[in-house]
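Okay, structure first, notes after.
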(Lines of atoms letter the chains of each structure in order from A; the text may use other names.)
(Lines give C-alpha, C1' and ligand atoms only; values in the text may rest on other atoms or scores of the structure.)
Protein backbone atom coordinates (compact mmCIF):
# COMPACT_ATOMS: atom_id res chain seq x y z
CA UNK A 80 0.00 0.00 0.00
CA UNK A 81 1.50 3.38 -0.96
CA UNK A 82 2.06 6.08 1.57
CA UNK A 83 -0.08 9.21 1.66
CA UNK A 84 2.89 11.16 0.42
CA UNK A 85 2.71 9.15 -2.80
CA UNK A 86 -1.05 9.59 -3.01
CA UNK A 87 -0.76 13.34 -2.48
CA UNK A 88 1.38 13.48 -5.61
CA UNK A 89 -1.78 12.97 -7.67
CA UNK A 90 -3.62 15.94 -6.24
CA UNK A 91 -0.95 18.61 -6.58
CA UNK A 92 -0.63 20.86 -9.64
CA UNK A 93 2.12 19.63 -11.91
CA UNK A 94 2.91 17.16 -14.69
CA UNK A 95 0.70 14.18 -15.37
CA UNK A 96 1.83 11.14 -13.44
CA UNK A 97 3.22 8.24 -15.41
CA UNK A 98 1.61 5.66 -13.08
CA UNK A 99 -0.68 3.44 -15.20
CA UNK A 100 -4.39 4.15 -14.77
CA UNK A 101 -5.16 0.43 -14.85
CA UNK A 102 -3.07 -0.29 -11.75
CA UNK A 103 -4.83 1.82 -9.10
CA UNK A 104 -3.56 1.63 -5.55
CA UNK A 105 -5.35 2.32 -2.32
CA UNK A 106 -5.33 5.75 -0.67
CA UNK A 107 -5.05 5.79 3.09
CA UNK A 108 -5.51 8.87 5.27
CA UNK A 109 -2.63 9.42 7.65
CA UNK A 110 -3.37 8.65 11.29
CA UNK A 111 -2.51 11.58 13.47
CA UNK A 112 -3.86 12.81 16.76
CA UNK A 113 -6.23 15.67 16.16
CA UNK A 114 -8.74 17.27 18.44
CA UNK A 115 -11.55 16.86 15.92
CA UNK A 116 -14.08 14.16 16.79
CA UNK A 117 -15.96 11.67 14.64
CA UNK A 118 -19.20 13.71 14.65
CA UNK A 119 -17.31 16.73 13.36
CA UNK A 120 -15.86 14.65 10.56
CA UNK A 121 -19.33 13.41 9.70
CA UNK A 122 -20.48 17.03 9.46
CA UNK A 123 -17.48 17.83 7.30
CA UNK A 124 -18.44 14.95 5.01
CA UNK A 125 -21.91 16.48 4.73
CA UNK A 126 -20.27 19.79 3.83
CA UNK A 127 -18.17 18.18 1.09
CA UNK A 128 -21.22 16.33 -0.24
CA UNK A 129 -23.01 19.68 -0.62
CA UNK A 130 -19.89 21.15 -2.24
CA UNK A 131 -19.87 18.30 -4.74
CA UNK A 132 -23.49 18.99 -5.66
CA UNK A 133 -22.66 22.66 -6.19
CA UNK A 134 -19.67 21.77 -8.38
CA UNK A 135 -21.87 19.56 -10.54
CA UNK A 136 -24.26 22.48 -11.02
CA UNK A 137 -21.32 24.72 -11.93
CA UNK A 138 -20.02 22.12 -14.37
CA UNK A 139 -23.43 21.89 -16.04
CA UNK A 140 -23.63 25.66 -16.39
CA UNK A 141 -20.06 26.78 -17.04
CA UNK A 142 -17.83 23.75 -17.50
CA UNK A 143 -14.20 24.78 -17.58
CA UNK A 144 -15.10 28.39 -16.89
CA UNK A 145 -15.35 27.52 -13.19
CA UNK A 146 -12.22 25.35 -13.08
CA UNK A 147 -10.21 27.59 -10.74
CA UNK A 148 -12.92 27.47 -8.10
CA UNK A 149 -13.39 23.72 -8.56
CA UNK A 150 -9.68 23.02 -8.15
CA UNK A 151 -9.67 24.97 -4.89
CA UNK A 152 -12.55 22.90 -3.54
CA UNK A 153 -10.86 19.67 -4.59
CA UNK A 154 -7.63 20.72 -2.86
CA UNK A 155 -9.57 21.45 0.32
CA UNK A 156 -11.10 17.97 0.32
CA UNK A 157 -7.75 16.38 -0.56
CA UNK A 158 -6.10 18.09 2.40
CA UNK A 159 -8.87 16.80 4.65
CA UNK A 160 -8.44 13.22 3.39
CA UNK A 161 -4.67 13.30 3.80
CA UNK A 162 -4.62 15.00 7.19
CA UNK A 163 -7.29 13.34 9.26
CA UNK A 164 -7.61 9.93 10.84
CA UNK A 165 -10.99 8.19 11.11
CA UNK A 166 -12.20 6.20 14.07
CA UNK A 167 -15.50 6.01 12.21
CA UNK A 168 -14.70 3.73 9.24
CA UNK A 169 -17.96 4.56 7.45
CA UNK A 170 -17.24 8.29 7.54
CA UNK A 171 -13.69 7.74 6.30
CA UNK A 172 -14.90 5.61 3.39
CA UNK A 173 -17.62 8.12 2.55
CA UNK A 174 -15.11 10.99 2.51
CA UNK A 175 -12.72 9.18 0.17
CA UNK A 176 -15.68 8.25 -2.04
CA UNK A 177 -16.72 11.90 -2.22
CA UNK A 178 -13.14 12.71 -3.19
CA UNK A 179 -13.31 10.19 -6.04
CA UNK A 180 -16.60 11.68 -7.27
CA UNK A 181 -15.21 15.20 -7.06
CA UNK A 182 -12.15 14.10 -9.05
CA UNK A 183 -14.50 12.96 -11.82
CA UNK A 184 -16.33 16.28 -11.90
CA UNK A 185 -13.25 18.50 -11.71
CA UNK A 186 -11.60 16.35 -14.36
CA UNK A 187 -14.45 17.06 -16.76
CA UNK A 188 -14.11 20.77 -16.04
CA UNK A 189 -10.38 20.56 -16.79
CA UNK A 190 -11.15 18.67 -20.01
CA UNK A 191 -13.70 21.29 -20.96
CA UNK A 192 -11.10 24.01 -20.39
CA UNK A 193 -8.68 22.25 -22.74
CA UNK A 194 -6.31 21.00 -20.01
CA UNK A 195 -6.18 17.37 -21.11
CA UNK A 196 -3.22 16.33 -18.98
CA UNK A 197 -4.75 17.89 -15.88
CA UNK A 198 -8.03 16.09 -16.57
CA UNK A 199 -6.15 12.80 -16.81
CA UNK A 200 -4.45 13.40 -13.48
CA UNK A 201 -7.75 14.09 -11.71
CA UNK A 202 -9.30 10.96 -13.20
CA UNK A 203 -6.33 8.80 -12.22
CA UNK A 204 -6.68 10.11 -8.67
CA UNK A 205 -10.40 9.38 -8.74
CA UNK A 206 -9.81 5.90 -10.10
CA UNK A 207 -7.47 5.04 -7.24
CA UNK A 208 -9.90 6.43 -4.67
CA UNK A 209 -12.81 4.50 -6.24
CA UNK A 210 -10.70 1.35 -6.05
CA UNK A 211 -10.00 2.04 -2.37
CA UNK A 212 -13.73 2.32 -1.62
CA UNK A 213 -14.48 -0.83 -3.63
CA UNK A 214 -16.97 0.91 -5.94
CA UNK A 215 -16.86 -0.72 -9.39
CA UNK A 216 -19.57 1.58 -10.77
CA UNK A 217 -17.51 4.69 -10.06
CA UNK A 218 -14.36 2.97 -11.29
CA UNK A 219 -16.09 2.11 -14.57
CA UNK A 220 -17.22 5.71 -14.94
CA UNK A 221 -13.67 6.97 -14.46
CA UNK A 222 -12.27 4.53 -17.02
CA UNK A 223 -14.84 5.96 -19.43
CA UNK A 224 -13.70 9.49 -18.60
CA UNK A 225 -10.13 8.52 -19.42
CA UNK A 226 -11.35 7.13 -22.75
CA UNK A 227 -12.70 10.56 -23.74
CA UNK A 228 -9.37 12.13 -22.84
CA UNK A 229 -7.60 9.58 -25.04
CA UNK A 230 -9.96 10.34 -27.95
CA UNK A 231 -9.21 14.05 -27.59
CA UNK A 232 -5.50 13.22 -27.89
CA UNK A 233 -6.18 10.99 -30.91
CA UNK A 234 -5.04 7.93 -28.98
CA UNK A 235 -7.92 5.78 -30.14
CA UNK A 236 -6.42 2.41 -29.24
CA UNK A 237 -5.83 3.67 -25.71
CA UNK A 238 -9.42 4.88 -25.65
CA UNK A 239 -10.63 1.44 -26.71
CA UNK A 240 -8.59 -0.17 -23.93
CA UNK A 241 -10.13 2.22 -21.39
CA UNK A 242 -13.69 1.49 -22.49
CA UNK A 243 -12.98 -2.25 -22.44
CA UNK A 244 -11.81 -1.79 -18.84
CA UNK A 245 -14.96 0.24 -18.09
CA UNK A 246 -17.19 -2.57 -19.36
CA UNK A 247 -15.27 -5.22 -17.42
CA UNK A 248 -15.36 -3.17 -14.21
CA UNK A 249 -19.09 -2.50 -14.59
CA UNK A 250 -20.12 -6.16 -14.77
CA UNK A 251 -21.55 -6.06 -11.25
CA UNK A 252 -22.66 -2.41 -11.42
CA UNK A 253 -26.23 -1.06 -11.77
CA UNK A 254 -27.81 -1.15 -15.27
CA UNK A 255 -27.35 2.61 -15.88
CA UNK A 256 -23.62 2.31 -15.25
CA UNK A 257 -23.39 -0.61 -17.67
CA UNK A 258 -25.38 1.40 -20.20
CA UNK A 259 -22.96 4.31 -19.93
CA UNK A 260 -19.95 2.01 -20.31
CA UNK A 261 -21.45 0.50 -23.46
CA UNK A 262 -22.36 3.96 -24.83
CA UNK A 263 -18.78 5.12 -24.35
CA UNK A 264 -17.57 1.96 -26.06
CA UNK A 265 -19.82 2.92 -28.98
CA UNK A 266 -18.33 6.41 -29.01
CA UNK A 267 -14.81 5.02 -29.36
CA UNK A 268 -15.94 2.70 -32.16
CA UNK A 269 -17.45 5.76 -33.85
CA UNK A 270 -14.15 7.64 -33.64
CA UNK A 271 -12.41 4.58 -35.10
CA UNK A 272 -14.94 4.42 -37.94
CA UNK A 273 -15.94 0.91 -36.81
CA UNK A 274 -19.64 0.99 -37.69
CA UNK A 275 -20.29 -2.61 -36.66
CA UNK A 276 -18.80 -1.95 -33.21
CA UNK A 277 -20.77 1.31 -32.98
CA UNK A 278 -24.12 -0.37 -33.60
CA UNK A 279 -23.36 -3.40 -31.43
CA UNK A 280 -22.32 -1.29 -28.44
CA UNK A 281 -25.24 1.12 -28.95
CA UNK A 282 -27.70 -1.78 -28.88
CA UNK A 283 -26.06 -3.08 -25.72
CA UNK A 284 -26.33 0.34 -24.07
CA UNK A 285 -30.03 0.61 -24.85
CA UNK A 286 -30.64 -2.90 -23.57
CA UNK A 287 -29.13 -2.00 -20.20
CA UNK A 288 -31.01 1.30 -20.00
CA UNK A 289 -34.30 -0.45 -20.80
CA UNK A 290 -33.97 -2.39 -17.53
CA UNK A 291 -36.96 -1.45 -15.32
CA UNK A 292 -34.67 -0.39 -12.46
CA UNK A 293 -32.14 1.48 -14.61
CA UNK A 294 -33.08 4.99 -13.50
CA UNK A 295 -34.03 4.27 -9.89
CA UNK A 296 -30.72 2.48 -9.19
CA UNK A 297 -28.39 4.81 -11.08
CA UNK A 298 -25.51 6.24 -9.01
CA UNK A 299 -25.53 9.95 -8.08
CA UNK A 300 -22.98 10.93 -10.74
CA UNK A 301 -25.39 9.73 -13.43
CA UNK A 302 -28.05 12.24 -12.34
CA UNK A 303 -28.08 13.65 -15.89
CA UNK A 304 -28.81 10.40 -17.72
CA UNK A 305 -32.47 9.73 -18.42
CA UNK A 306 -32.15 8.35 -21.95
CA UNK A 307 -29.45 7.82 -24.54
CA UNK A 308 -30.93 9.67 -27.52
CA UNK A 309 -28.45 12.50 -27.59
CA UNK A 310 -25.51 10.23 -26.66
CA UNK A 311 -26.36 7.88 -29.52
CA UNK A 312 -26.89 10.76 -31.92
CA UNK A 313 -23.55 12.29 -31.00
CA UNK A 314 -21.74 9.00 -31.60
CA UNK A 315 -23.43 8.67 -35.00
CA UNK A 316 -22.29 12.15 -35.98
CA UNK A 317 -18.73 11.37 -34.84
CA UNK A 318 -18.82 8.24 -37.03
CA UNK A 319 -20.28 10.27 -39.89
CA UNK A 320 -17.34 12.68 -39.68
CA UNK A 321 -14.71 9.90 -39.50
CA UNK A 322 -12.48 9.84 -42.58
CA UNK A 323 -12.75 6.06 -42.89
CA UNK A 324 -16.56 6.05 -43.16
CA UNK A 325 -17.81 5.40 -46.73
CA UNK A 326 -19.91 8.20 -48.21
CA UNK A 327 -23.06 6.11 -48.39
CA UNK A 328 -22.80 5.09 -44.73
CA UNK A 329 -21.88 8.65 -43.77
CA UNK A 330 -25.21 9.92 -45.10
CA UNK A 331 -27.11 7.15 -43.30
CA UNK A 332 -25.44 7.94 -39.99
CA UNK A 333 -25.97 11.68 -40.16
CA UNK A 334 -29.58 11.25 -41.23
CA UNK A 335 -30.25 8.85 -38.36
CA UNK A 336 -28.59 11.20 -35.84
CA UNK A 337 -30.71 14.22 -36.75
CA UNK A 338 -33.98 13.26 -34.97
CA UNK A 339 -32.08 11.97 -31.94
CA UNK A 340 -30.27 15.25 -31.27
CA UNK A 341 -32.92 17.51 -32.78
CA UNK A 342 -35.64 15.93 -30.65
CA UNK A 343 -33.51 16.30 -27.53
CA UNK A 344 -32.80 19.98 -28.27
CA UNK A 345 -36.53 20.67 -28.64
CA UNK A 346 -38.71 22.03 -31.47
CA UNK A 347 -37.27 25.53 -31.02
CA UNK A 348 -33.78 24.43 -29.95
CA UNK A 349 -34.59 25.62 -26.44
CA UNK A 350 -32.14 23.15 -24.93
CA UNK A 351 -29.21 25.10 -26.40
CA UNK A 352 -29.49 27.40 -23.39
CA UNK A 353 -27.09 25.21 -21.42
CA UNK A 354 -23.55 24.05 -22.09
CA UNK A 355 -24.34 20.53 -23.27
CA UNK A 356 -27.14 21.78 -25.49
CA UNK A 357 -24.82 24.32 -27.07
CA UNK A 358 -22.26 21.60 -27.81
CA UNK A 359 -24.77 19.18 -29.33
CA UNK A 360 -26.46 21.99 -31.25
CA UNK A 361 -23.14 22.93 -32.85
CA UNK A 362 -22.54 19.34 -33.92
CA UNK A 363 -26.08 19.13 -35.31
CA UNK A 364 -25.53 22.29 -37.37
CA UNK A 365 -22.27 20.83 -38.71
CA UNK A 366 -24.11 17.62 -39.55
CA UNK A 367 -26.77 19.55 -41.47
CA UNK A 368 -24.05 21.20 -43.53
CA UNK A 369 -22.52 17.81 -44.35
CA UNK A 370 -25.96 16.73 -45.57
CA UNK A 371 -26.32 19.91 -47.70
CA UNK A 372 -29.27 21.06 -45.62
CA UNK A 373 -28.18 24.67 -45.44
CA UNK A 374 -31.45 26.17 -44.22
CA UNK A 375 -31.60 23.81 -41.24
CA UNK A 376 -27.94 24.46 -40.52
CA UNK A 377 -28.55 28.21 -40.48
CA UNK A 378 -31.62 27.94 -38.26
CA UNK A 379 -29.69 25.80 -35.79
CA UNK A 380 -26.64 28.10 -35.89
CA UNK A 381 -28.77 31.16 -35.15
CA UNK A 382 -30.28 29.39 -32.14
CA UNK A 383 -26.77 29.01 -30.71
CA UNK A 384 -25.78 32.67 -30.90
CA UNK A 385 -27.34 33.96 -27.64
CA UNK A 386 -25.50 31.38 -25.53
CA UNK A 387 -22.27 31.28 -27.52
CA UNK A 388 -21.20 34.53 -25.86
CA UNK A 389 -22.11 33.51 -22.31
CA UNK A 390 -21.05 29.87 -21.93
CA UNK A 391 -17.42 29.79 -20.79
CA UNK A 392 -16.31 26.52 -22.29
CA UNK A 393 -13.13 26.10 -24.30
CA UNK A 394 -14.38 22.77 -25.63
CA UNK A 395 -17.64 24.32 -26.84
CA UNK A 396 -15.80 27.26 -28.34
CA UNK A 397 -13.60 24.93 -30.40
CA UNK A 398 -16.65 23.17 -31.90
CA UNK A 399 -18.39 26.48 -32.54
CA UNK A 400 -15.25 27.75 -34.26
CA UNK A 401 -15.26 24.60 -36.42
CA UNK A 402 -18.89 25.35 -37.32
CA UNK A 403 -17.95 28.90 -38.33
CA UNK A 404 -15.17 27.46 -40.51
CA UNK A 405 -17.65 25.05 -42.12
CA UNK A 406 -19.87 28.01 -42.97
CA UNK A 407 -16.88 29.72 -44.62
CA UNK A 408 -16.18 26.93 -47.11
CA UNK A 409 -15.70 27.94 -50.72
CA UNK A 410 -19.07 26.57 -51.83
CA UNK A 411 -20.86 28.86 -49.35
CA UNK A 412 -18.82 32.05 -49.75
CA UNK A 413 -21.34 33.57 -52.10
CA UNK A 414 -24.22 32.73 -49.81
CA UNK A 415 -24.87 35.92 -47.83
CA UNK A 416 -26.79 34.26 -44.97
CA UNK A 417 -24.02 31.71 -44.44
CA UNK A 418 -21.44 34.52 -44.32
CA UNK A 419 -23.58 36.46 -41.87
CA UNK A 420 -24.06 33.44 -39.62
CA UNK A 421 -20.35 32.71 -39.62
CA UNK A 422 -19.48 36.32 -38.81
CA UNK A 423 -22.08 36.50 -36.04
CA UNK A 424 -20.82 33.26 -34.53
CA UNK A 425 -17.20 34.41 -34.52
CA UNK A 426 -18.20 37.77 -33.05
CA UNK A 427 -19.95 35.94 -30.19
CA UNK A 428 -16.91 33.84 -29.34
CA UNK A 429 -14.15 35.17 -27.07
CA UNK A 430 -11.13 36.64 -28.82
CA UNK A 431 -8.18 34.24 -29.13
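In my numbering, the protein residues as written are 80 to 431. We put the beta carbon where it would ideally sit given N, CA and C, even for glycine.
- Cβ-Cβ distances below 6 angstroms link residue 364 to 376, 379, 380, 402 in the same chain, with the five nearest sequence neighbours on each side left out; the list follows chain order.
- Distance between residue 212 and residue 197, taken at the CA atoms: about 23 angstroms.
- Here residue 179 is near residue 217, since their CB atoms are less than 8 angstroms apart.
- When secondary structure is reduced to three states using DSSP, residue 283 falls in the helix class.
- Within the model, the alpha-carbon separation for residue 289 versus residue 257 is close to 11 angstroms.
- If you draw a straight line from the Cα of residue 416 to the Cα of residue 423, it comes to about 10 angstroms.
- Contact between residue 269 and residue 317 holds, with the beta-carbon distance rounding to 4 angstroms and staying under 8 angstroms.
- Under the DSSP assignment, residue 168 falls in the alpha helix (DSSP H) whose first and last residues are 168 to 191.
- Apart from the 5 residues on each side of it in sequence, residue 389 has no Cβ closer than 8 angstroms to any other Cβ in its chain.
- For residue 137 against residue 128, the beta-carbon gap comes to about 15 angstroms, at or over 8 angstroms, which does not count as contact.
- Here the alpha carbon of residue 309 sits roughly 8 angstroms from the alpha carbon of residue 359.
- In the structure shown, residue 307 adopts coil according to DSSP, grouped into three states.
- The beta carbons of residue 189 and residue 146 sit about 6 angstroms from each other, so the pair counts as a contact at 8 angstroms.
- The region 326 to 338 makes no contact with the region 294 to 307: fewer than 3 CB pairs, one atom from each, lie closer than 8 angstroms.
- Where residue 374 is concerned, the enclosing alpha helix (DSSP H) starts and stops at 373 to 387.
- Contact between residue 143 and residue 191 holds: their C-beta atoms lie close to 4 angstroms from each other, under 8 angstroms.
- 8 angstroms or more divides the Cβ of residue 368 from the Cβ of residue 387.
- The Cβ atoms of residue 264 and residue 286 lie no closer than 8 angstroms to each other.
- For residue 292 and residue 255, the gap between their C-alpha atoms comes out near 9 angstroms.
- Its Cα nearest to that of residue 266, the residue 282 stands out among 251, 282, 253.
- Here residue 227 is buried: its Cβ has 16 or more other Cβ atoms, across all protein chains shown, within 10 Å.
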